[in-house]
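In what follows, a structure is listed as C-alpha cells, so that the remarks can point back to it.
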Ligand SMILES: Nc1nc2c(ncn2[C@@H]2O[C@H](COP(=O)(O)OP(=O)(O)O)[C@@H](O)[C@H]2O)c(=O)[nH]1
Ligand SMILES: [Mg+2]
C-alpha cells in the first residue's frame with residue numbers, strides 16, 4: 003500500500019492544536035491541498051494516486067465536511083482532502099463555510115507546498131473555481147491545475163478542443179503548460195505524470 007490515513011480535522015477550533023508551524027501533529031511532510039467543487043473527483047484522485055480506497059468517494063455531492071489528511075508515500079507528501087464548494091443545495095452557507103474553515107486551514111498550514119485545483123475536464127473553471135484560485139493566489143499558495151475525469155472526453159477531437167480552450171484560459175490566469183495535468187481516476191491515466199512532477 004502506497005498511502006495511509008493520517009488524521010481528520012472537523013472544525014476551525016482544532017487548527018491551533020493540529021498545526022504548529024510546518025508540523026501537522028508532529029509530521030513534517032509537505033502538504034498538498036485538494037481544492038475543487040464537490041463531486042469534481044478529489045477523493046477518487048487521492049485513491050488513485052495512493053493506490054488505496056481510503057478516501058470516501060460519493061455519488062452524493064456535498065458530503066465531505068471535514069479535512070482529511072492522507073500520506074502520499076510515493077511523493078513523500080501529505081494530501082489534504084478539503085470539503086468541496088459549489089454544492090448547489092448548500093448554497094450560501096457552504097460558501098461561507100468554505101471561506102472560513104478551509105480558508106483558516108490554508109492560511110494556518112505553514113507546511114503547505116501547493117494546491118491542486120481540480121477542474122472537470124468537460125467544463126472550464128466555474129465562478130467558484132475562479133474565486134478559489136483568487137484566494138490561493140492572494141495567499142501566495144502555488145497552484146497546479148488538474149483536470150479530472152479525462153475519460154469522459156471520448157473522441158480525439160473533443161479532447162483537442164477542450165485542451166486548447168482550457169489552456170488558453172488557464173494561461174490568462176498565469177498557469178504554464180507544465181502546471182496543467184489531465185487525469186482519470188477511473189481510467190488510471192495521467193497519474194504518473196502528476197507524481198513525477200511532485201517528487
Ligand atoms: N468518469 C469518471 N468519473 C469519476 C472519476 N473520478 C471520480 N468520478 C466520479 O465522480 C463522482 C464524485 O467523485 P468523488 O471522488 O467523490 O468527488 P469529490 O466530491 O470531489 O471528492 C463519483 O461518482 C465518482 O465515481 C473519473 O476519473 N472518471
Ligand atoms: Mg470527496
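Numbering (this note's numbering), first residue to last: 3 to 201. Where is the CB? At the ideal position from N, CA and C, for every residue including glycine. Everything numeric in this text was worked out from a predicted model, so none of it was measured.
Fully enclosed by the segment 13-39, which beta strand (DSSP E) runs are 3 residues long or longer? 33-37
- Check the C-beta distance from residue 139 over to residue 184 and give it rounded, since I have them as a contact under 8 Å. Their Cβ separation, rounded to whole angstroms, is 22 Å, which puts residue 139 and residue 184 out of contact at 8 Å.
Of all the beta strand (DSSP E) runs that stay within the bounds of the segment 89-161, which reach a length of 3 or more residues? 114-122 and 145-150
**Study point:** Inter-residue CB distance, residue 86 and residue 46 (contact presumed, cutoff 8 Å)
**Key:** Incorrect: roughly 12 Å between the Cβ atoms, too far for contact.
- Task: Take residue 6 and list the residues in its own chain whose beta-carbon comes closer than 6 Å to its own, dropping the five residues that flank it on each side.
- Result: 73
Expressed to the nearest angstrom, what Euclidean distance is found between the alpha-carbon atoms of residue 22 and residue 28?
8 Å
* Asked: Looking at residue 151 and ligand 2, is the gap between the Cβ and the nearest heavy atom below 7 Å?
  -> no
- Query: DSSP beta-bridge partners for residue 191?
  - Reply: 186
Is it buried or exposed, residue 13, if we count other Cβ atoms within 10 angstroms and call 16 or more buried?
exposed
Practice prompt. Work out the CA separation of residue 200 and residue 158 for me, nearest whole Å.
Written response: 28 Å
- Query: Does ligand 2 have a heavy atom nearer than 7 Å to the CB of residue 61?
  - Reply: no
Item to check | Delimiting residues of the beta strand (DSSP E) encompassing residue 9 | outcome: 5-11
If you draw a straight line from the C-alpha of residue 135 to the C-alpha of residue 119, how long is it? 8 Å
Helix, strand or coil at residue 173 [DSSP, three-state]:
helix
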